[in-house]
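In terms of my numbering, the sequence shown opens at residue 273 and continues consecutively.
Note that the Cβ used here is the ideal one computed from N, Cα and C, for glycine as well.
These numbers come from a predicted model, not from an experiment.
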Amino acid sequence: MDTQKTTNGLPQACHGFAIEGTYKDCISYGNGHINDTYLLTYEQNDQEHAYILQHMNKTIFTDPEALMENIIGVTGFLKEKIKAAGGNPRRETLDFVPAADGKPYYKDDFGEYWRAYHYIDHVYALDQVKNPEDFYQSALSFGHFQQMLADFPADTLHETIPDFHNTAVRFKTFEKAVTEDICGRAAGVMKEIQFVRQHSDLACVLGDLQKQGKIPLRVTHNDTKSNNVLIDEATGKGLCVIDLDTVMPGLSVNDFGDSIRFGASTAAEDEKDLSRVSCSMELYEAYVKGFLKGCGGRLTDNEIAALPLGAKVMTYECGMRFLTDYLCGDTYFKIHRSEHNLDRARTQFKLVSDMENKWEEMQTIVKKYMTDTH
Ligand code: ADP
Ligand code: GN1
Ligand code: MG
């Protein structure tokens, strides 16, 4: 990602939205790998008001206007559900701020796209899960999110990134990166390349279940990292699911799995010391319990039975994506050091191996909660 593109347009973007009052401040914010996020402050009647300002990554989300249409559709739909349930629609879903010209995004003089949201205050996002209760709350929120979107008209959604969780396509892209080896890095990571190849059966297994009609397509979040849920500081409860860029038809087991690969790990996604990386069964169990409850009994028996597989496949897929990006010269995920993507790939492969060792336990835990849901 060309950070220069962001800094060029940033001063304009700070003044590009329909925000009253006087501009005060704008600082870098959050730890996402894709967009550039800022905390923007304005003064209105002697009071400070905060906003989230985001530079949208146009290389990855190639149609930012279609992306914003999705977000308006989804947040508008969620707001009605939240109101009907007696909740606060300005805190329980993203509340976007239009640009000064009324459009849902601001386009700067360099052709880059920006958007703004009202800042939700007195919350925290989990960049690393520290305790089962927080993770349980995160699971409830992501499960509930899927439940609320169960009757959303899926055909109105644009596919913001084609084949996003098509693991078979990801595998082909990986093999192409190995063959082309444009940075000459493949020889140094043969062990990791072999790992991906030896586990290639994981690339088709969920797609096959879906094609055979055994698990359904639903409207899913598709990026269920624990830092994409805001937890209310006052109550400790999950408040708002954010980062809605990839809400598209997908598999419930993938939403479950992506959360596990990130949140149930005993170490950070980019931990260098692999002896610290494992899949915590305590955290896994907390998530199973919360996710099934959050989904409100909507998951089929086949989906529930495939949850452990979702965890393994999403971890494998993510590791393969990090390794592919390393081989291609680190152009997709933001990196903060050399070999950052390689370190991230290694943690994911360590987790896949650990899940293989704990496979029976992972299935037993799911069975334990299966009966609660029907
Ligand atoms: P990315 O796509 O880069 O992951 P996110 O949309 O997840 O970007 O935002 C990055 C971080 O900014 C989040 O993890 C969260 O901490 C914070 N954040 C985003 N939107 C809001 C909001 N409306 N209110 C408060 N914090 C937010
Ligand atoms: C990215 O945007 P962020 O940081 O929440 C990525 C996810 C990966 C994740 C790995 C649009 O998520 O798919 O699982 O990094 N998002 C996109 O940490 O590619
Ligand atoms: Mg995010």
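Exercise. Measuring from the CB of Thr518, is there a heavy atom of the ligand GN1 at a distance below 7 Å?
Worked result: yes
Problem set entry | In DSSP terms, what Pro521 is bridged to | Val491
For this session: Please say whether Leu546 and Thr587 have beta carbons closer to each other than 8 Å?
Result: no
Exercise. Name the DSSP beta bridge partners of Ala411, please?
Worked result: Answer is none; Ala411 lacks a bridge partner.
Problem set entry | Near the ligand GN1: Asp515 beta-carbon under 7 Å from a heavy atom | yes
Problem set entry | Of the listed residues Ser550, Lys606, Thr596, nearest to Asn629 (C-alpha basis) | Ser550
Exercise. Between Val491 and Ala578, is the Cβ-Cβ spacing less than 8 Å?
Worked result: no
Problem set entry | Validate contact between the segment 530 to 540 and the segment 504 to 515 using beta carbons, cut 8 Å, 3 pairs | no
Exercise. How far does the beta strand (DSSP E) with Glu315 in it reach, from first residue to last?
Worked result: 308 to 316
Problem set entry | Euclidean distance between Cα positions of Cys455 and Tyr604 | 15 Å
For this session: Put Arg387 into one of helix, strand or coil per three-state DSSP.
Result: strand
Problem set entry | Local Cβ density within 10 Å of Leu595, reported as buried at 16 or more and exposed below that | buried
For this session: Compute the beta-carbon to beta-carbon distance between Gln482 and Leu523, rounded to the nearest angstrom, for a pair I have assumed lies under 8 Å.
Result: 6 Å
Problem set entry | Residues sharing a beta bridge with Gln326, DSSP | Thr309, Arg387
Exercise. Should Pro283 be labelled buried (16 or more other beta-carbon atoms within 10 Å of its own) or exposed?
Worked result: exposed
Problem set entry | For Thr334 and Thr279, the rounded distance between their alpha carbons | 20 Å
For this session: With a threshold of 7 Å, establish whether the CB of Gly304 neighbours any heavy atom of the ligand MG.
Result: yes
Problem set entry | Cut-off 7 Å between Cβ atoms - residues of its own chain near Thr496, not counting five sequence neighbours on either side | Phe414, Asp527, Asp530, Ser531
Problem set entry | Strand pairing of His321, partner residues [DSSP] | Tyr314
Exercise. Within this structure, are the beta carbons of Tyr323 and Ala388 separated by less than 8 Å?
Worked result: yes
Problem set entry | C-alpha distance - Thr428 paired with Asn342, whole-angstrom precision | 8 Å
Exercise. What do you get for Ala285, buried or exposed, if any count of 16 or more other CB atoms within 10 angstroms of its CB means buried?
Worked result: buried
Problem set entry | Per-residue DSSP class, three states only, for Thr294 | strand
For this session: Rounded to whole angstroms, what's the CA-CA distance from Met273 to Phe436? Just pull it up for me.
Result: Confidence at Met273 is low in this model, with a pLDDT of 45, below 50, so the placement of that residue should be treated as unreliable; the coordinate-derived value is given next. Cα to Cα, the separation comes out at about 19 Å.
For this session: Could you check how far apart the C-beta atoms of Tyr559 and Phe407 are, in whole angstroms? I think they sit under 8 Å.
Result: 6 Å
For this session: List the residues that DSSP assigns as beta-bridge partners of Ala397.
Result: Leu502
Exercise. Going by alpha carbons, who is nearest to Ser552 out of Ile637, Asn317, Leu366?
Worked result: Ile637
For this session: State buried or exposed for Met462, treating a residue as buried only when at least 16 other CB atoms are found within 10 Å of its CB.
Result: exposed
Exercise. Which residues bound the alpha helix (DSSP H) around Cys590?
Worked result: 579 to 599
Exercise. Helix, strand or coil: which one does DSSP assign to Phe446?
Worked result: helix
Exercise. Any idea what DSSP makes of Ile344, helix, strand or coil?
Worked result: helix
Problem set entry | Straight-line gap, Thr677 to Ser300 (C-alpha atoms, nearest Å) | No information on residue 677 is available, as it lies outside the stretch 273 to 646 that the chain covers here.
For this session: Could you have a look at Ala422 and say whether DSSP puts it in helix, strand or coil?
Result: coil
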